[in-house]
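4 protein chains.
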Amino acid sequence: MSPKSKEQFEAIRQKSEATIKSVALELFASKGYNNTSISQIAKAANVSKGLMYNYFDSKEDLLHTILMEAIEEGAGAMEEFLQNRHDPLDELIGITKASIAMVKTNFHYWKLMTALAFQENVITDVKDILEKKQEAIINQIFSIFEHLGAKQPKLEAYLYGAILDGVMVHYINMGEDYPLDEMETYIIEELKRKYGGGGEGRIGRSKDE
Amino acid sequence: MSPKSKEQFEAIRQKSEATIKSVALELFASKGYNNTSISQIAKAANVSKGLMYNYFDSKEDLLHTILMEAIEEGAGAMEEFLQNRHDPLDELIGITKASIAMVKTNFHYWKLMTALAFQENVITDVKDILEKKQEAIINQIFSIFEHLGAKQPKLEAYLYGAILDGVMVHYINMGEDYPLDEMETYIIEELKRKYGGGGEGRIGRSKDE
Amino acid sequence: MSPKSKEQFEAIRQKSEATIKSVALELFASKGYNNTSISQIAKAANVSKGLMYNYFDSKEDLLHTILMEAIEEGAGAMEEFLQNRHDPLDELIGITKASIAMVKTNFHYWKLMTALAFQENVITDVKDILEKKQEAIINQIFSIFEHLGAKQPKLEAYLYGAILDGVMVHYINMGEDYPLDEMETYIIEELKRKYGGGGEGRIGRSKDE
Amino acid sequence: MSPKSKEQFEAIRQKSEATIKSVALELFASKGYNNTSISQIAKAANVSKGLMYNYFDSKEDLLHTILMEAIEEGAGAMEEFLQNRHDPLDELIGITKASIAMVKTNFHYWKLMTALAFQENVITDVKDILEKKQEAIINQIFSIFEHLGAKQPKLEAYLYGAILDGVMVHYINMGEDYPLDEMETYIIEELKRKYGGGGEGRIGRSKDE
DNA sequence: CATGAATGAGTATTCATTCAT
DNA sequence: TATGAATGAATACTCATTCAT
Numbered sequence: 302m303s304p305k306s307k308e309q310f311e312a313i314r315q316k317s318e319a320t321i322k323s324v325a326l327e328l329f330a331s332k333g334y335n336n337t338s339i340s341q342i343a344k345a346a347n348v349s350k351g352l353m354y355n356y357f358d359s360k361e362d363l364l365h366t367i368l369m370e371a372i373e374e375g376a377g378a379m380e381e382f383l384q385n386r387h388d389p390l391d392e393l394i395g396i397t398k399a400s401i402a403m404v405k406t407n408f409h410y411w412k413l414m415t416a417l418a419f420q421e422n423v424i425t426d427v428k429d430i431l432e433k434k435q436e437a438i439i440n441q442i443f444s445i446f447e448h449l450g451a452k453q454p455k456l457e458a459y460l461y462g463a464i465l466d467g468v469m470v471h472y473i474n475m476g477e478d479y480p481l482d483e484m485e486t487y488i489i490e491e492l493k494r495k496y497g498g499g500g501e502g503r504i505g506r507s508k509d510e
Numbered sequence: 302m303s304p305k306s307k308e309q310f311e312a313i314r315q316k317s318e319a320t321i322k323s324v325a326l327e328l329f330a331s332k333g334y335n336n337t338s339i340s341q342i343a344k345a346a347n348v349s350k351g352l353m354y355n356y357f358d359s360k361e362d363l364l365h366t367i368l369m370e371a372i373e374e375g376a377g378a379m380e381e382f383l384q385n386r387h388d389p390l391d392e393l394i395g396i397t398k399a400s401i402a403m404v405k406t407n408f409h410y411w412k413l414m415t416a417l418a419f420q421e422n423v424i425t426d427v428k429d430i431l432e433k434k435q436e437a438i439i440n441q442i443f444s445i446f447e448h449l450g451a452k453q454p455k456l457e458a459y460l461y462g463a464i465l466d467g468v469m470v471h472y473i474n475m476g477e478d479y480p481l482d483e484m485e486t487y488i489i490e491e492l493k494r495k496y497g498g499g500g501e502g503r504i505g506r507s508k509d510e
Numbered sequence: 302m303s304p305k306s307k308e309q310f311e312a313i314r315q316k317s318e319a320t321i322k323s324v325a326l327e328l329f330a331s332k333g334y335n336n337t338s339i340s341q342i343a344k345a346a347n348v349s350k351g352l353m354y355n356y357f358d359s360k361e362d363l364l365h366t367i368l369m370e371a372i373e374e375g376a377g378a379m380e381e382f383l384q385n386r387h388d389p390l391d392e393l394i395g396i397t398k399a400s401i402a403m404v405k406t407n408f409h410y411w412k413l414m415t416a417l418a419f420q421e422n423v424i425t426d427v428k429d430i431l432e433k434k435q436e437a438i439i440n441q442i443f444s445i446f447e448h449l450g451a452k453q454p455k456l457e458a459y460l461y462g463a464i465l466d467g468v469m470v471h472y473i474n475m476g477e478d479y480p481l482d483e484m485e486t487y488i489i490e491e492l493k494r495k496y497g498g499g500g501e502g503r504i505g506r507s508k509d510e
Numbered sequence: 302m303s304p305k306s307k308e309q310f311e312a313i314r315q316k317s318e319a320t321i322k323s324v325a326l327e328l329f330a331s332k333g334y335n336n337t338s339i340s341q342i343a344k345a346a347n348v349s350k351g352l353m354y355n356y357f358d359s360k361e362d363l364l365h366t367i368l369m370e371a372i373e374e375g376a377g378a379m380e381e382f383l384q385n386r387h388d389p390l391d392e393l394i395g396i397t398k399a400s401i402a403m404v405k406t407n408f409h410y411w412k413l414m415t416a417l418a419f420q421e422n423v424i425t426d427v428k429d430i431l432e433k434k435q436e437a438i439i440n441q442i443f444s445i446f447e448h449l450g451a452k453q454p455k456l457e458a459y460l461y462g463a464i465l466d467g468v469m470v471h472y473i474n475m476g477e478d479y480p481l482d483e484m485e486t487y488i489i490e491e492l493k494r495k496y497g498g499g500g501e502g503r504i505g506r507s508k509d510e
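Chains as they are written, first to last, in this note's numbering: chain A, 302 to 510; chain B, 302 to 510; chain C, 302 to 510; chain D, 302 to 510.
Next comes the structure, spelled out in structure tokens:
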């Protein structure tokens with residue numbers, strides 16, 4: 302009715318879409334994807350049910366969009382953390398910090414992602430992308446441990462990955478009760494002890510060998 | 302009197318109940334509890350939709366029963382592994398072996414359990430039981446690390462817990478691609494390296510060796 | 302297995318059938334026909350579900366049988382009460398007493414029957430029979446009031462019928478709180494006052510006519 | 302903004318809700334609450350199965366709503382009939398007329414209500430309300446008979462109640478075959494005959510006349 | 001004759017999605 | 001563009017009835 306410029310419409314669109322996504326993320330994360338209905342999202346976002354379908358093809362598409370953004374943001378953050386780090390140990394510490402910062406900053410994203418990781422039949426293509434990214438990271442970590450001269454770089458990489466994921470899983474489950482910062486410090490200390498200093502660290506202290 | 306003896310009926314019941322439970326476990330684990338319908342279970346078990354209700358009060362009761370059995374079996378296995386181990390390091394190794402054996406033997410159980418751990422609004426009383434068991438184990442591990450003379454037994458206990466859970470999560474997600482046995486060996490070796498010998502060890506103290 | 306004579310079998314049959322019927326009546330009356338399951342009846346009667354179908358074709362047949370017996374018993378009782386009463390007022394009093402005695406003695410029957418009377422689609426042929434019997438009674442009552450010289454025998458008959466059914470309905474709903482005996486006495490007194498003595502009773506107290 | 306105005310939506314809602322309620326009432330009354338399925342209501346109302354749940358929380362809520370409206374309407378009608386009547390006999394006549402008018406105007410409501418009165422386990426809170434209302438009426442009637450100088454006001458009140466309920470039950474069961482209007486006139490005449498004139502009358506007082 | 005395991009049609013209810021306006 | 005009423009397929013669960021033994 303009232304004359305609105307294209308920009309205004311576009312701004313409204315952006316805002317509505319963003320609201321919907323953010324509300325949906327929160328609900329998906331806290332109640333689970335299956336237990337969150339479109340009606341609930343619409344109500345919480347203060348829009349009509351029908352409007353959702355102007356922005357997203359389906360509930361699954363909404364989830365898809367949210368996840369993709371999270372993954373990209375995560376990748377971006379990781380990238381940033383690793384920039385200009387050429388020392389393997391530094392890289393490892395960077396990955397550690399980046400991972401923990403990520404799960405801390407985007408708690409809802411990761412809670413949702415983790416929950417979905419254990420459900421088949423949901424969003425297989427997101428899973429594929431995720432798996433590829435994870436594989437890439439694992440490979441990078443593997444190569445770092447090689448550079449660090451670890452005896453069994455593969456197992457060491459898996460172990461490190463298990464630590465990171467284990468910590469994240471615990472944090473997601475326990476929330477603020479979990480001593481996430483202390484753990485971060487502790488893990489980094491351990492890494493330094495093993496691989497730092499004169500490289501005389503126990504595990505992978507290999508160069509002396 | 303009855304042309305079918307009590308024993309016959311009992312045998313039939315046993316068999317049907319077992320079939321339903323096993324089929325349900327498999328489907329719950331692979332597709333998720335919420336995404337598995339009674340119809341699907343019935344079809345996969347080659348029985349009628351209604352039969353489940355001869356054995357279980359509800360879908361939730363079916364899940365409940367399955368989980369409780371898994372938990373008890375798990376507790377039993379852990380008990381067994383820890384019998385007659387009074388040396389702290391031995392205990393730790395026992396826990397490691399038991400945990401990994403458990404997730405290996407009862408893959409579906411643990412996949413299901415893990416998935417449920419990340420879902421809200423499901424089977425809260427099982428969650429409660431599980432949390433209590435986990436707390437007990439954490440406390441035991443904490444006390445083990447105290448006995449082992451760890452400087453920061455709490456963080457060390459959390460770290461060890463993160464490793465175990467991280468490994469299990471990876472195994473659950475990757476399946477047979479994951480080098481579970483190698484990881485077990487590696488973790489145990491690490492434990493021995495850290496705390497073996499005079500027992501005064503800790504990570505990175507390696508130079509004494 | 303053990304040799305049993307035909308008579309023994311027959312006796313068992315009789316007993317089982319009677320038990321089932323009596324248990325079913327009680328359950329139907331107290332919980333309603335639709336809310337009573339075959340399983341519940343079988344359990345309460347201490348027989349197997351399957352056995353029921355040896356005696357009755359279906360749940361509906363069971364109800365049917367129960368109702369028919371009740372109706373016949375009712376008719377018999379009425380007959381008895383009316384025997385050898387040739388004075389119209391006596392007949393009316395007899396019907397009153399018989400009706401009230403019936404509902405009192407066979408409380409469950411009448412509770413069930415009343416409940417079913419307000420449900421369509423149940424046992425239409427029983428309804429038909431019942432309606433015929435009621436019509437017969439109404440006609441008889443009508444003729445009694447004619448003999449008593451009532452001005453409007455039809456309406457008087459309906460009024461009397463309404464009183465009887467109203468009392469029964471109240472009794473069925475209130476149970477022992479209802480002063481059934483007092484009401485019986487009162488109604489009979491009223492009848493005598495109206496039609497008794499020289500026939501100068503109030504209503505239809507024909508001398509004014 | 303919205304191409305369908307609030308008023309339009311409201312009108313649609315009103316209409317749909319009214320249709321569903323009216324169709325449901327008819328079916329509940331003729332087939333019984335338990336024997337009427339949501340599917341049947343939807344089919345008869347020419348709407349989808351799910352639509353009912355846009356307006357009512359459950360089948361029970363639908364029944365509840367229907368009954369409450371009937372009860373309120375009934376109470377209102379009774380009130381109206383009793384306004385400005387201070388003479389006890391007039392009151393009694395008013396109650397009579399109101400009751401009969403009510404059952405005549407809202408045949409389906411009262412058929413349903415009566416049927417439910419004989420069913421266990423249905424809508425207990427409506428039953429409670431109804432019982433309270435009935436008790437209030439009974440007390441009022443009792444007090445009227447006291448004022449009228451009846452010798453046994455309690456029994457007389459019960460008798461009158463039985464007449465009213467008996468007539469209603471007959472009308473509900475026989476439908477238009479029942480001479481409801483004639484009965485109304487007749488009952489009122491009887492009341493006048495008994496208690497009219499100097500107001501000193503009571504049943505059986507007739508011989509003094 | 002007697003059992004109770006098994007069946008499957010039927011029930012109430014939910015919810016992603018469509019569509020007239 | 002935005003609304004929310006309407007749809008209908010899907011879900012968990014019930015229960016009269018059948019049947020192998």
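Note that the Cβ used here is the ideal one computed from N, Cα and C, for glycine as well.
Check	Outcome
Flag this pair as yes or no: are the beta carbons of L352/D and S400/D separated by less than 8 Å?	no
Write down every uninterrupted run of the alpha helix (DSSP H) in the stretch 448–497 of chain B whose length is 4 residues or greater and which is fully enclosed by it, in chain order.	454–475 and 481–496
Check whether the stretch 490–498 of chain C and the stretch 474–490 of chain D are in contact - that is, three or more C-beta pairs closer than 8 Å.	no
When you compare the CB of D466/A with every CB in chain B, is at least one pair closer than 8 Å?	yes
Report the neighbours of G462/C on chain D: residues whose CB is nearer than 8 Å to its CB, in chain order.	G467 and H471
Classify K316/D as buried or exposed, calling it buried when 16 or more other Cβ atoms lie within 10 Å of its own Cβ.	exposed
In this structure, how does DSSP classify E311/D when only helix, strand and coil are distinguished?	helix
In chain B, which residues lie less than 7 Å from N407/A when you measure between Cβ atoms?	Simply none; closest approach about 16 Å.
Could you check if N385/A is buried or exposed, using at least 16 other CB atoms within 10 Å of its CB as the buried criterion?	exposed
Can you tell me whether I438/C is helix, strand or coil according to DSSP?	helix
Quick check on N407/D: buried or exposed, where buried means 16 or more other Cβ atoms within 10 Å of its Cβ?	buried
How would you call R314/B, buried or exposed, if buried means at least 16 neighbouring beta carbons within 10 angstroms?	exposed
Give the straight-line distance between the Cα atoms of L393/C and I445/C, rounded to the nearest whole angstrom.	7 Å
Can you tell me whether T337/C is helix, strand or coil according to DSSP?	coil
What does L456/B touch in chain A if you count any residue whose Cβ is under 8 Å from its own?	P480, E483, M484 and Y487
Please determine, among Y410/A, D426/A and I424/A, the residue with the shortest C-alpha to C-alpha distance to F419/B.	Y410/A
By Cβ distance, which residues of its chain are closer than 8 Å to I442/A, with the 5 residues on each side in sequence left out?	L393, I396, A458, Y461 and G462
Between N422/B and the rest of its own chain, which residues show a CB-CB distance below 7 Å, the 5 nearest in sequence each way excluded?	none
Output yes or no for whether 8 Å exceeds the beta carbon distance between P389/D and L449/D.	yes
Would a C-beta distance cut-off of 8 Å place A376/C and K434/C closer than the cut-off?	yes
If I measure Cβ to Cβ from D482/A and keep anything under 7 Å in the same chain, skipping five residues before and after, which residues do I get?	none
Helix, strand or coil for E421/A, going by three-state DSSP, please let me know.	coil
Please classify T486/C as buried or exposed, where buried requires at least 16 other C-beta atoms within 10 Å of its C-beta.	exposed
Can you name the residues of chain C whose CB is closer than 7 Å to the CB of N335/D?	N335
Have a look at E311/C and A319/C and give me their C-alpha separation to the nearest angstrom.	12 Å
Please report the residue range of the alpha helix (DSSP H) in which K360/A lies.	K360 to L383
Along the chain, where does the alpha helix (DSSP H) containing V404/C start, and where does it finish?	P389 to T406
With respect to the alpha helix (DSSP H) encompassing G351/A, which residues constitute its N-terminal and C-terminal limits?	K350 to Y356
Excluding sequence positions up to five away, which residues of its chain have a Cβ less than 6 Å from the Cβ of I367/A?	K322 and L326
Determine the DSSP secondary structure at K305/D, reduced to helix, strand or coil.	coil
Should E510/A be labelled buried (16 or more other beta-carbon atoms within 10 Å of its own) or exposed?	Confidence is the limiting factor: at E510/A the pLDDT is only 35, short of 50, which leaves the residue's position unreliable and the question unanswerable from this model.
Can you give me, in chain order, the residues of the stretch 338–356 of chain B that have a beta carbon less than 9 Å from any beta carbon in chain A?	none
Can you have a look at H387/D and say buried or exposed, based on whether 16 or more other CB atoms are within 10 angstroms of its CB?	exposed
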